Amino acid sequence: MTTEETITALERAWNAGDGEAWAANFAEDVDFVDVVGRIQRGRATIARESQKIFDTIYRGSTLRIRQVSSRPLGGGFDLVHTETVMSIPAGPLAGEQRAVQTMLVQDERVVAFHNTIRGDIAAFTGHDADFAARSPQGWDS
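Under full-length UniProt numbering, the letters of the sequence shown match residues 1 to 141, in that order.
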């Protein structure tokens, strides 16, 4: 399986709301940092915690994943960056949510994952135009 196939499998599992299928793409001893900064360790934890959100706040959500970059690091490791757009149909987070991820992939499994919700730099900086002008704009600018 290629990195692209792993990303496709992640997207398919999310859209099915299947925590076990989502977790199957991760190494048994994965380190996973979620969007709220919790460090989760291990495939079983990922399966359990993902199913919780699939059954509650992200019920019926759909996820589109786009690979932004990938580069080999040696030793069979690839550093992969992705962007996601999640559509949430109902509930407290209803709407569209964008995020970026950093993944370390080895042997077709994600061994490390960090997920960050994208936000507006002007809002984050308290509308400090000077600071916002000096801040990097990301990949899509």
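For each residue, glycine too, the CB sits at the ideal point set by N, CA and C.
Just so it is clear, the structure is predicted and the values come from calculations on it, not from any experiment.
In terms of residues, what are the limits of the beta strand (DSSP E) holding residue i?
i, result
"proline 112", "The amino acid occupying residue 112 in the given sequence is alanine; proline does not appear at that position. 109-117 is the extent of the beta strand (DSSP E) around alanine 112."
"residue 149", "Residue 149 cannot be examined here, being either before or after the span of the chain that is shown, 1 to 141."
Within a Cβ cutoff of 7 Å, which residues of the same chain sit near residue i, ignoring the five residues on either side of it in sequence?
i, result
"glycine 138", "Confidence is the limiting factor: at glycine 138 the pLDDT is only 48, short of 50, which leaves the residue's position unreliable, though a coordinate-based value still follows. Here the set comprises nothing."
"tyrosine 58", "Ile88"
"asparagine 115", "Val33, Asp34, Val35, Ala99, Gln101"
Return the CA-CA distance between residue i and residue j, expressed in angstroms with no decimal places.
i, j, result
"proline 92", "arginine 109", "32 Å"
"threonine 6", "glutamine 97", "22 Å"
"serine 141", "proline 72", "Residue confidence is low: serine 141 scores 38 on pLDDT, short of 50, so the model does not pin down where it sits. Its coordinate-derived value is still stated next. Answer to the nearest angstrom: the Cα atoms are 25 Å apart."
"tryptophan 14", "aspartate 120", "25 Å"
"alanine 9", "methionine 103", "14 Å"
"arginine 48", "glycine 42", "10 Å"
"methionine 86", "glutamine 51", "16 Å"
"glycine 74", "glutamine 106", "10 Å"
"glutamate 4", "serine 70", "10 Å"
Ordered along the chain, which non-local residues of its own chain (more than five positions away) have a Cβ less than 8 Å from that of residue i?
i, result
"valine 68", "His81, Thr82, Glu83, Val100, Trp139"
"isoleucine 46", "Gly19, Trp22, Ala23, Phe26, Val30, Phe32, Gln40"
"phenylalanine 77", "Leu104, Val105, Gln106, Val111"
"glutamate 11", "Leu63, Arg64, Ile65"
Going by DSSP, what residue range makes up the alpha helix (DSSP H) through residue i?
i, result
"alanine 47", "43-55"
"arginine 12", "3-16"
"glycine 91", "Run containing glycine 91: none; DSSP gives neither H nor E here."
### Query
Is it true that the stretch 23-36 meets the stretch 58-68, where meeting means three or more beta-carbon pairs spaced less than 8 Å apart?
Fewer than three beta-carbon pairs drawn from the stretch 23-36 and the stretch 58-68 are found closer than 8 Å, and the two stretches are therefore not classed as touching.
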